[in-house]
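Since the structure comes first, as structure tokens, the remarks are kept for the end.
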Amino acid sequence: MRKTLQVLFSAMLAATTLAPSAMKAQTPSTGGPYDVPYSCLWNDQKVLVNKEWTVEDKNNDGITWGFSNDVPGSFISYIGTAQKQDADDWLVSPYLAFEAGKTYKVETGGFKAMGGSQKLAVAIGTGDDPTTYKVIGDYTISATYGGGGATPVEGEFIAPTTGKYRVAFHCTSNQRAYLLLLPVKVFAQASLAVRPAAVNDLNVEVGAKGAVSAKVSFTTPSTDYAGNALSGLTRVQLYRDYVQVKNYDAPALGTKIEWTDDEVVTGEHTYSVIATANDLRSDEVVKKAYVGYDRPLPPQNIKIYDHLNGKATITWDPVSEVGMHGGYVDPKTAEYNVNTLYYGYLQPVEQGLTTTKCVVEDVNYDGAQSAVQYAIYTYVDSPTSDTAVVSDAGREAFIIGQAHEIPYYESFANKSLQKGPWVIDANCAGKFGLSEDAQDEDAGSLVFNPSTGSTLACIQGPKVDIANAGNPQIVFWYYAYPGTDGKITVKVNRNGQEMVEVGTVDYSTLSGKMGWRSVAMDLKSVSTVGVKNGYIRPYFYAEGLSTSIMIDNIKIYDAIENNLAADIDAPAHVQSGKAAQLNVKVTNLGTAKASGYKVHLFIDGKKFETEEGEDLEPNAVATYEFAYTPKLHVGKFTVRGEVEWAADMFQANNKSIDYTVEVVSSPLPAINDLTATDKGVLTWSAMDVDGVKVTDDFESYTPWSIARVGDWTLYDGDKGTVYTFGGIQHPNSGVAQAYIVFNPWQVSGLAATYMQQFAEIFAPHSGKQSMMSTGTTIDTGTPTNNWLITPELSGEEQTISFWVNAPGDEVNRGEQNPNSGPETFDIYYSEDDTNANSFIKLNKDSYEAVYKWTKYDIALPEGAKYFAIVHTSTGSLTSYNFEPDRLCVDDVTYRAGGLRVMGYNVYRDGVLVKKLDGRTTTWTDEKYTDDNGYGAGNHKYNVIVVYANGESNVSNTVYVGDPAAGVDSVVVNGVKTNNRVYTIDGKYVGNSLKDVKQGLYIQNGKKVVVK
1 MRKTLQVLFS AMLAATTLAP SAMKAQTPST GGPYDVPYSC LWNDQKVLVN KEWTVEDKNN
61 DGITWGFSND VPGSFISYIG TAQKQDADDW LVSPYLAFEA GKTYKVETGG FKAMGGSQKL
121 AVAIGTGDDP TTYKVIGDYT ISATYGGGGA TPVEGEFIAP TTGKYRVAFH CTSNQRAYLL
181 LLPVKVFAQA SLAVRPAAVN DLNVEVGAKG AVSAKVSFTT PSTDYAGNAL SGLTRVQLYR
241 DYVQVKNYDA PALGTKIEWT DDEVVTGEHT YSVIATANDL RSDEVVKKAY VGYDRPLPPQ
301 NIKIYDHLNG KATITWDPVS EVGMHGGYVD PKTAEYNVNT LYYGYLQPVE QGLTTTKCVV
361 EDVNYDGAQS AVQYAIYTYV DSPTSDTAVV SDAGREAFII GQAHEIPYYE SFANKSLQKG
421 PWVIDANCAG KFGLSEDAQD EDAGSLVFNP STGSTLACIQ GPKVDIANAG NPQIVFWYYA
481 YPGTDGKITV KVNRNGQEMV EVGTVDYSTL SGKMGWRSVA MDLKSVSTVG VKNGYIRPYF
541 YAEGLSTSIM IDNIKIYDAI ENNLAADIDA PAHVQSGKAA QLNVKVTNLG TAKASGYKVH
601 LFIDGKKFET EEGEDLEPNA VATYEFAYTP KLHVGKFTVR GEVEWAADMF QANNKSIDYT
661 VEVVSSPLPA INDLTATDKG VLTWSAMDVD GVKVTDDFES YTPWSIARVG DWTLYDGDKG
721 TVYTFGGIQH PNSGVAQAYI VFNPWQVSGL AATYMQQFAE IFAPHSGKQS MMSTGTTIDT
781 GTPTNNWLIT PELSGEEQTI SFWVNAPGDE VNRGEQNPNS GPETFDIYYS EDDTNANSFI
841 KLNKDSYEAV YKWTKYDIAL PEGAKYFAIV HTSTGSLTSY NFEPDRLCVD DVTYRAGGLR
901 VMGYNVYRDG VLVKKLDGRT TTWTDEKYTD DNGYGAGNHK YNVIVVYANG ESNVSNTVYV
961 GDPAAGVDSV VVNGVKTNNR VYTIDGKYVG NSLKDVKQGL YIQNGKKVVV K
């Protein structure tokens, strides 16, 4: 048992998806000088190893530029996920040969990853000290890796003399993240002094009230790029949608030109103008304009007013004349449709409304909370369409159900929502996500990483009842970046009727070191005392141009002096024979330091272990770690954490919930011929693991894992954004991934009345878990390319089998208006390794999975060492032309290779008593005469095989002494669930007790008497 105490600053944030290969500061490059044009593609780490490029760690913190082993593509990275101070790190090129008077341009681009925006400067100079170089560009890298195009990084430099120059990139970031730098190009430009400047004041005036016309105007340049007067222009060319529509030969300098586009059609158009002088072209000037009738904007300013009496009123602003693209919309023809959005499906509430109000009936204030998403559409007439033109949906969430009692606590443990529902505000361009970085080391927090165009995000919390609180407060932790542009604003939705701001955290006013800090905000101004069905909902707004915002450990409570709360963190399941890690978290919700308390762990209602608590400051969290190994043949057990403190003034939260942990079996082959003598001598056969048949049902893996799933390889070939469930949450939801260990009974944010329906649709073929691939969102234009690659095969010719299902196949589910159909997948095999490029495709035409678990048997040739199930569905490529959805895989059977026996673990009465090496296949229990509760000398034994890559399932059970001691059940006439049956000396007799003779047998690890 180990205890960890969380104070103001947490441990260093860990990089979890990008594994850096760190580089120390190097001596100046001795490479070059190289001729220009010059490029570096970052496709070979030798550019650093051989000191072609060098890095300078100016602040000597050991955090600097290097290569990231797990980043696909050509990048070099500033690896700043663990920095404690502002970066001061240079990446310096080899010498380049420049000529006096020539203009040289540097071009590259950058991404940020796992954190906030990064600061980068480009400089050029001579000598070995980059701090003396001339800065030619300062950039904030705000583009997120995997989320679109890079932030362009470029600069121009006129060489004053002929000689050797270096290009340098200077990272000065003040917050943690990766900075990924694209390949670098350096080339000479044509002399700027003779290039014409770009045209001035390009404008496009479109026809009023939807008239299909456009008038383009601009002023021709009169100077060159450097501001010197031009002698004349050769021509000016005007383009529409990158096709030339007008040419002006030798136009006058500085003159106004107007042109009416008589052939333009309805739609969005791009107009651009280029001037030419001295056979050199100016920069292109671009202007976009929408001509004619447009689609309406989504309904704006949607509000839902809760009357607290079973009714709610939805209101929104009338449609504007300005459409989605800046074109015209006729508001007089507008109608509105109000729908609920559930499971991705629209259900009508009110249709054809001509006013901007809708009353909702039967609002529920009882039961588990859930989020009802309302989607409102605007329909308008257009002369260019035979049918009404519809907007995108305006969306707003409304929470129904009973409010959480205080103290309310949300820690986002394991990147999941513990006490929701939490709702992402769809009206903000930015979006909160879940991070593994955490203040309390529970692998979960909220995070918002701003990027260009996405500088504001909001997440809305659940309903909380504070009516009985004398001093209600909200407390949370945030990761401070002092002096940056980050800001957190907390507002409270009081009773679904008004929004009240209760506090802000302005990073620009902070001082000190970066790190986790807590803040408390008073909630007396939003009290709900005396209000029936009253509640509050916290709204967290994060904003900033470049600062990453992290929030953790949100508490809403009555701030009394002494108040400790206990919570339990336990796995969903544990493999038979292994220890479960059980964490009891104690939070000081009081205003005074807590001392002299005890922490207990209960197993199946009985106290298992106790630890003395250490002093705990207000708002601090202490985690007490326990380990418990369940006895063999136990199917499940319950755990509970409890804090004992006599001074506690509110003891209702001293006990955690009772959490059930399932005990699951391993897919690895087990011993089935264990025998025992009456003197406690156990014997079994050595495991023959060559080509042994394995069926993996994925039950033994941690739910929601998207990596480190046993020996399976999960390869995300598309790196695209994946679909999520509307309003339903689970860890790693929406994260780019290949496959995920999916357990439909472990989701949150779903009303209890719908839980069974959801579980039935997404139920695995067997057990409670399957592997699920989620399609890449269709708006990315990227085909789904998700690989599930087996552990090593035997290499012999064999037939593998597996079961697949497409739970989102609404065609075969019989939905009236299906959005998705069957999913496509391909089968590959490799004779070498698990690299996707090493695989050979088996099928010509893709297989299809439908909404029904279907078994596939696939013949593999001799030499196949791995096979892969590759989800390939793409909206425009599926036979049904629907959006890609989800593919589930379960119960994969194959002949394994690479299994290596490392030892055997012997269990007596379900408890580990001996570890043996892999060569030993017999053991004598010298204590077989002891009494362990079944009477002296009466024991049952099992053996588990320890492989290099995990442990096997439990062997058959054998007995020493009186086999009837501790009989677990009596069966009359052999009526019993089917499962493997053994005699008491370990001999296998069949899969059922139906036709066996009267006597004593072993089934499911238990003794059974058949009469």
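If you're matching positions, the sequence shown starts at 1 in the UniProt record's numbering and goes up one per residue.
Glycine included, every Cβ here is placed at the ideal spot set by N, Cα and C.
Owing to the predicted nature of the structure, the values given are computational and were not obtained by experimental measurement.
Looking only at its own chain, which residues have a Cβ that is under 6 Å from the Cβ of residue i, when we skip the five neighbours before and after it?
| i | result |
| --- | --- |
| G394 | P298, P299, I302, I376 |
| S681 | Residue identity differs from the one stated: residue 681 is Val in this sequence, not Ser. Excluding sequence neighbours, V681 sits near T924. |
| K976 | The predicted position of K976 is uncertain, since its pLDDT is 47 and thus under 50; no value can be drawn from it. |
| N200 | T219 |
Do you know offhand how far residue i's Cα is from residue j's?
| i | j | result |
| --- | --- | --- |
| A150 | G596 | 55 Å |
| F432 | G486 | 14 Å |
| Y293 | Y379 | 13 Å |
| S876 | G323 | Note that S876 scores a pLDDT of 40, beneath 50, so its modelled location is shaky; the value from the coordinates is reported in the next line. The alpha-carbon atoms of S876 and G323 are separated by roughly 28 Å. |
| V621 | A113 | 29 Å |
| T921 | G613 | 46 Å |
| S992 | Y982 | 10 Å |
| F67 | L48 | 9 Å |
| D569 | R295 | 50 Å |
| W712 | N949 | 11 Å |
| A252 | L233 | 7 Å |
| I466 | V954 | 51 Å |
| L788 | A868 | 5 Å |
| T790 | P822 | 24 Å |
| V372 | L916 | 57 Å |
Closest to residue i by C-alpha separation, out of the options, would be which residue?
| i | options | result |
| --- | --- | --- |
| K270 | V599, R281, L238 | For clarity, residue 270 is Thr in the given sequence; the question names Lys instead. Nearest of V599, R281, L238 to T270, Cα basis: L238. |
| N337 | K585, V349, F802 | V349 |
| G163 | D809, A100, A143 | A100 |
| Y894 | I800, N953, Y941, K844 | I800 |
| G928 | T108, T677, N495 | Note that residue 928 is Tyr in the sequence shown here, rather than Gly. Ranking T108, T677, N495 by Cα distance to Y928 puts T677 first. |
| G430 | S142, D317, S93 | S142 |
| A275 | T266, T223, T260 | T223 |
| P94 | N786, D61, D128 | D128 |
| T266 | Q746, S385, Y34 | S385 |
| N228 | A197, S320, Q998 | A197 |
| I827 | D995, E848, A426, V153 | E848 |
So, using beta-carbon positions, are residue i and residue j closer together than 8 Å?
| i | j | result |
| --- | --- | --- |
| A686 | D716 | no |
| V709 | F802 | no |
| S445 | D552 | yes |
| G897 | S794 | yes |
| V475 | V502 | no |
| P703 | Q757 | no |
| V447 | M550 | yes |
| V291 | V329 | no |
| residue 1012 | V639 | This structure does not reach residue 1012, given that the chain is present from 1 up to 1011, and the question cannot be answered. |
| G420 | D366 | no |
Can you list, in chain order, the residues of its chain whose CB lies under 7 Å from that of residue i, leaving out five sequence neighbours each side?
| i | result |
| --- | --- |
| A707 | L714 |
| P667 | V694, T695, D696, D697, S700 |
| N588 | L564, A594, L616, E617, P618, N619, A620 |
| Y38 | L96, V186 |
| E543 | T455, L456, K487 |
Quick one: what's residue i bridged to in DSSP?
| i | result |
| --- | --- |
| G109 | P152 |
| Q575 | V664 |
| A565 | T587 |
| I400 | S370 |
| V475 | A520, K555 |
| L353 | Y336 |
| L417 | L417 pairs with nothing; no bridge assigned. |
Can you give me the Cβ contacts of residue i inside the same chain, cut-off strictly under 8 Å, excluding the 5 residues immediately before and after it?
| i | result |
| --- | --- |
| M499 | K491, V492, N493, Y539 |
| A579 | A627, Y628, T629 |
| P318 | P331, A334, T356 |
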